[in-house]
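Colleague:
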Amino acid sequence: QKEVEQDPGPLSVPEGAIVSLNCTYSNSAFQYFMWYRQYSRKGPELLMYTYSSGNKEDGRFTAQVDKSSKYISLFIRDSQPSDSATYLCAMGGSEKLVFGKGTKLTVNP
Amino acid sequence: DTGVSQDPRHKITKRGQNVTFRCDPISEHNRLYWYRQTLGQGPEFLTYFQNEAQLEKSRLLSDRFSAERPKGSFSTLEIQRTEQGDSAMYLCASEGGHAYEQYFGPGTRLTVT
Chain A
1030 QKEVEQDPGP LSVPEGAIVS LNCTYSNSAF QYFMWYRQYS RKGPELLMYT YSSGNKEDGR
1090 FTAQVDKSSK YISLFIRDSQ PSDSATYLCA MGGSEKLVFG KGTKLTVNP
Chain B
4 DTGVSQDPRH KITKRGQNVT FRCDPISEHN RLYWYRQTLG QGPEFLTYFQ NEAQLEKSRL
64 LSDRFSAERP KGSFSTLEIQ RTEQGDSAMY LCASEGGHAY EQYFGPGTRL TVT
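Protein chains in written order, with the working numbering: chain A, 1030 to 1138; chain B, 4 to 116.
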């Protein structure tokens, strides 16, 4: 079993849709949970991070962590074509990050 | 631009050649990480530095790979006797004090022919 599991998609939605992206993990030592956005042939860009169970909101993005279920989510409201990218979940203890495979999202105008 | 920079952005080399990549982190960030990303996968940890000290190396980092961070500033990653399996995007990230705030550079895309 991989430490971090993420459905690679691809996921295709119409503009304005609510998008839900998810990851599960197996390592209870993970304390920090991040979401990165990666455009084709670019480096990952940090979107959101959290280190506790619960929700964290930033504009159209909401990150949710459920440590008891070892499950994290990213919700994107009112999705835009510019949100089309690969979304990577990442998590760690205090140093290196362990990434999921990434979910490729396409938002169609 | 005060972000992480990497050079070169692309490198094509023949199998058996040596290659060296450079990473310039965000100024004053004391931690620097190297990751490798292959098509359809997330980045995988290779190694990291706290200032000039290399503190951890992944099992992915074979003897052909070496990394340095002289004076705790920029870092270099060298691959000796490249193999086709080394073809990947090599990403550098820097962190100023919190593991959840790792900022990535644009990456160096290596193609070994």
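Every residue gets a Cβ at the ideal spot worked out from N, C-alpha and C, and that includes glycine.
Only a predicted model underlies this, so the values are computations on that prediction, with no experimental measurement involved.
Flag Gly-110 (chain B) as yes if its beta-carbon sits less than 7 Å from any beta-carbon of chain A, otherwise no.
Modeller: Locating residue 110 (chain B) in the second sequence gives position 107, counting from the first residue. It does; some Cβ of chain A falls within 7 Å.
Colleague: Between the stretch 82-98 of chain B and chain A, which residues of the former have CB atoms less than 7 Å from a CB of the latter, in chain order?
Modeller: Listed by position, the residues of the stretch 82-98 of chain B near chain A (Cβ gap below 7 Å) are Leu-94.
Colleague: Here's a check: name, in chain order, each residue in its chain whose Cβ is nearer than 7 Å to the Cβ of Lys-60 (chain B), leaving out the five neighbours to either side.
Modeller: The residue given as residue 60 (chain B) occupies position 57 in the second sequence. These residues qualify, in order along the chain: Thr-50.
Colleague: Short of 8 Å in beta carbon distance, which residues of its chain neighbour Met-1077 (chain A), apart from the five on each side in sequence? Order them along the chain.
Modeller: Your numbering for residue 1077 (chain A) matches position 48 in the first sequence. Excluding residues within five positions, the ones whose Cβ falls inside 8 Å are Met-1063, Trp-1064, Lys-1085, Asp-1087, Phe-1090, Ala-1092, Leu-1103.
Colleague: In chain B, what lies closer than 7 Å to Gly-1072 (chain A) by C-beta?
Modeller: For this step, residue 1072 (chain A) is matched to residue 43 along the first sequence. Those are Leu-94, Phe-107, Gly-108, Pro-109, Gly-110, listed as they occur along chain B.
Colleague: Spell out whether any CB of chain B is found under 7 Å from the CB atom of Leu-1134 (chain A).
Modeller: For the purposes of this step, residue 1134 (chain A) is taken as the residue at position 105 of the first sequence. No, because no Cβ of chain B sits closer than 7 Å to the Cβ of Leu-1134 (chain A).
Colleague: For Asp-1095 (chain A), does the count of other Cβ atoms within 10 angstroms reach 16, so buried, or fall short, so exposed?
Modeller: Counting from 1 along the first sequence, the entry for residue 1095 (chain A) is found at position 66. Exposed.
Colleague: Count the other CB atoms, across all protein chains shown, that sit within 10 Å of the CB of Leu-1117 (chain A); report buried if there are 16 or more and exposed otherwise.
Modeller: Working through the first sequence from its first residue, we reach residue 1117 (chain A) at position 88. Buried, because 16 or more other Cβ atoms sit within 10 Å of the Cβ of Leu-1117 (chain A).
Colleague: Are the CB atoms of Gly-1121 (chain A) and Tyr-1068 (chain A) within a distance shorter than 7 Å?
Modeller: Counting from one through the first sequence, the residue named residue 1068 (chain A) turns up at place 39. Counting from one through the first sequence, the residue named residue 1121 (chain A) turns up at place 92. No, the pair does not count as a contact, with Cβ atoms beyond the cut-off.
Colleague: Let me check understanding here. Comparing Cα to Cα, which of A:Ser-1098, A:Pro-1073, A:Thr-1132 lies closest to Ser-1082 (chain A)?
Modeller: Stepping through the first sequence from its first residue, residue 1082 (chain A) is reached at position 53. Among A:Ser-1098, A:Pro-1073, A:Thr-1132, the Cα nearest to that of Ser-1082 (chain A) belongs to A:Ser-1098.
Colleague: Between Phe-68 (chain B) and chain A, is there a C-beta pair that is closer than 7 Å?
Modeller: Here the question's residue 68 (chain B) lines up with position 65 in the second sequence. No, Phe-68 (chain B) does not count as interfacial toward chain A.
Colleague: For Ser-1108 (chain A) and Val-1042 (chain A), which I take to be in contact (beta-carbon distance under 8 Å), what is that distance rounded to the nearest angstrom?
Modeller: On the first sequence, residue 1108 (chain A) is found 79 positions in, with the first residue counted as 1. On the first sequence, residue 1042 (chain A) is found 13 positions in, with the first residue counted as 1. At roughly 6 Å, the Cβ-Cβ gap stays under 8 Å, so Ser-1108 (chain A) and Val-1042 (chain A) are in contact.
Colleague: Residues of chain B with CB under 9 Å from Tyr-1139 (chain A), in chain order?
Modeller: Because chain A in this structure spans residues 1030 to 1138, residue 1139 (chain A) falls outside the shown range and cannot be described.
Colleague: In chain E, which residues lie with their C-beta within 8 Å of the C-beta of Phe-48 (chain B)?
Modeller: In the structure shown, chain E does not exist; the protein chains are A and B.
Colleague: Quick check: Ile-82 (chain B) and Arg-72 (chain B), are their CB atoms within less than 7 Å of each other?
Modeller: Within the second sequence, the letter at position 79 stands for residue 82 (chain B). Within the second sequence, the letter at position 69 stands for residue 72 (chain B). No, the pair does not count as a contact, with Cβ atoms beyond the cut-off.
Colleague: Would you call Tyr-106 (chain B) buried or exposed, if buried means 16 or more other Cβ atoms sit within 10 Å of its Cβ?
Modeller: Position 103 of the second sequence, counting from 1, holds the residue named residue 106 (chain B). Buried, because 16 or more other Cβ atoms sit within 10 Å of the Cβ of Tyr-106 (chain B).
Colleague: Could you please tell me which residues of the stretch 31-45 of chain B, in chain order, have their CB closer than 9 Å to any CB of chain A?
Modeller: Those residues of the stretch 31-45 of chain B that come within reach of chain A (Cβ to Cβ, closer than 9 Å) are Arg-34, Tyr-36, Tyr-38, Gln-40, Gly-43, Gln-44, Gly-45.
Colleague: Just to confirm, is the Cβ distance from Asp-1036 (chain A) to Thr-1132 (chain A) under 7 Å?
Modeller: Mapped onto the first sequence, residue 1036 (chain A) falls at position 7. Mapped onto the first sequence, residue 1132 (chain A) falls at position 103. Contact: yes.
Colleague: Quick one, are the C-beta atoms of Ser-97 (chain B) and Leu-42 (chain B) less than 7 Å apart?
Modeller: In the second sequence, counting from the first residue as 1, residue 97 (chain B) sits at position 94. In the second sequence, counting from the first residue as 1, residue 42 (chain B) sits at position 39. No. Outside cutoff.
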